[in-house]
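In the numbering used here, the protein residues as written are 2 to 382.
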């Protein structure tokens, strides 16, 4: 075989690897919002025999984080996994948790090659899964679609490395950059198509967070109301230093059906704590500094309970506090073509919207038209 032939063959092989890793990433997205505290992994088993490659098994992380994607794909592949190639979006685990290590399952299935997008930052794995596979004669290639996989596993990576969830801030602003009417009265800003996108974002998040101001003024449900997707509603979190969330609010009234957590201060009234708990609300406690609840501590509390991807739909105060604390990892800015007027409430409390849109920590990645609105997406640089 000539050097040119070898180059052509390698290029074709890389294209196949990229194609099947794209499929694995798409499969992993099915688990968004449902697999925490485990990462949302996708896996594909492919046979390279005579003729074109054939997919013989597909898998993704199941609700609650188990079974893992690799074991699901291997189960579906059955005996066809022997000698096949496994594509997986994150390094297979190598430690005994609530289920046996995926690396051992891959070895037992006789898989000949594993293509892994990225190494798992979990210190219990951190390269050991790849090492175990290689030690048992499995060929391992790492790095195909690494950038896409890093984005897909941003919540897991952030939780492992920084002990907090990956935070996505959603803001719906009018043409004059307002988010509510005078007196903090709510206003319908985005159109139906934009609202549908927001509900999909909720379904793909582990939890959704607002401040007590939004809870009091809007009495929201914070559920996913797309047809057939009510069960995909995320955990609902309210930042509420003094535990003022009304027992008659829709959040409390539905707390036994949709998990509802409130993060309050250590000095919040004990009777309010007891009343919320009796209604089915989980009450967490964090420090209050300068009359504001410490959001960094709140984030750590959420991560400790398994939350990896947090969507924030709160009002101007909590949005501004997150921006000021550099806790925004991504943002979706939904801009309406309608104006509210000079008496409306600014998008960020006591700071211009440019603190977000021109932040040195965020970069604009995409702008698209969604129905009547324009959505701009930002990601941490």
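We put the CB at the ideal spot given by N, CA and C, even for glycine.
- The residue from 139, 127, 196, 172 with its alpha-carbon nearest to that of residue 162 is 127.
- Each of 155, 110, 38 was checked against the Cα of residue 90, and the nearest Cα belongs to 155.
- In this structure the segment 242-258 does not lie against the segment 301-311, because fewer than three pairs of beta carbons, one per stretch, are closer than 8 Å.
- Between the segment 113-126 and the segment 271-290 there are fewer than three C-beta pairs closer than 8 Å, too few to call the two in contact.
- Membership of residue 107 in the alpha helix (DSSP H) is indicated by the continuous run 103-110.
- With respect to the 8 Å criterion, residue 60 and residue 74 are classified as neighbours on the basis of their beta carbons.
- Under the three-state reduction of DSSP output, residue 50 falls in the coil class, being neither helix nor strand.
- With a threshold of 16 other beta carbon atoms within 10 Å, residue 36 meets it and is buried.
- For the options 212, 243, 203, 240, the alpha carbon positioned closest to that of residue 224 is the one of 203.
- The Cβ atoms of residue 181 and residue 187 lie closer than 8 Å to each other.
- Partner residues in the beta bridge of residue 179, as assigned by DSSP, are 347.
- Under the three-state reduction of DSSP output, residue 130 falls in the helix class.
- Note: residue 374 is bridge-paired with 371 in the DSSP secondary-structure output.
- When the five nearest sequence neighbours on each side are left out, the beta carbons in the same chain lying within less than 8 Å of the beta carbon of residue 18 are those of 88, 116, 142, 145, in order along the chain.
- Secondary structure of residue 310 (DSSP, three-state): strand.
- 201 is the residue among 201, 353, 77 whose C-alpha sits nearest the C-alpha of residue 34.
- Going by beta carbons, residue 293 and residue 322 fall inside the 8 Å limit.
- The straight-line gap separating the alpha-carbon atoms of residue 192 and residue 312 is approximately 20 Å.
- Nearest neighbour of residue 247 by Cα position, chosen from 77, 175, 277, 185, turns out to be 277.
- For residue 223, DSSP records no beta bridge to any residue.
- Collapsing the DSSP output to three states places residue 158 in a helix.
- Nearest in C-alpha terms to residue 300, of all of 281, 71, 262, 268, is 262.
- In the DSSP assignment, the residues bridged to residue 212 are 240.
- Under a 10 Å Cβ-count criterion, residue 15 is classified as exposed, with fewer than 16 other Cβ atoms of the shown protein chains found around its own Cβ.
- Closest in C-alpha terms to residue 66, from the list 43, 47, 84, 54, comes 43.
- C-alpha of residue 160 to C-alpha of residue 336: approximately 30 Å in a straight line.
- Note that the C-beta distance between residue 134 and residue 85 is not below 8 Å.
- Under the three-state reduction of DSSP, residue 267 is assigned to coil, being neither helix nor strand.
- By the CB criterion at 8 Å, residue 150 and residue 118 fall inside the cutoff.
- Scanning 360, 334, 351 for the CA closest to the CA of residue 328 turns up 360.
- Out of 243, 72, 184, the CA that lies nearest to the CA of residue 112 is found in 72.
- Annotation for residue 197: the continuous alpha helix (DSSP H) segment containing it runs 193-204.
- Just measuring C-alpha positions, the residue of 354, 244, 208 sitting nearest residue 236 is 208.
- Less than 8 Å divides the Cβ of residue 175 from the Cβ of residue 341.
- In this chain, the alpha helix (DSSP H) harbouring residue 300 covers 296-305.
- At the C-beta level, residue 62 and residue 38 stay beyond 8 Å of one another.
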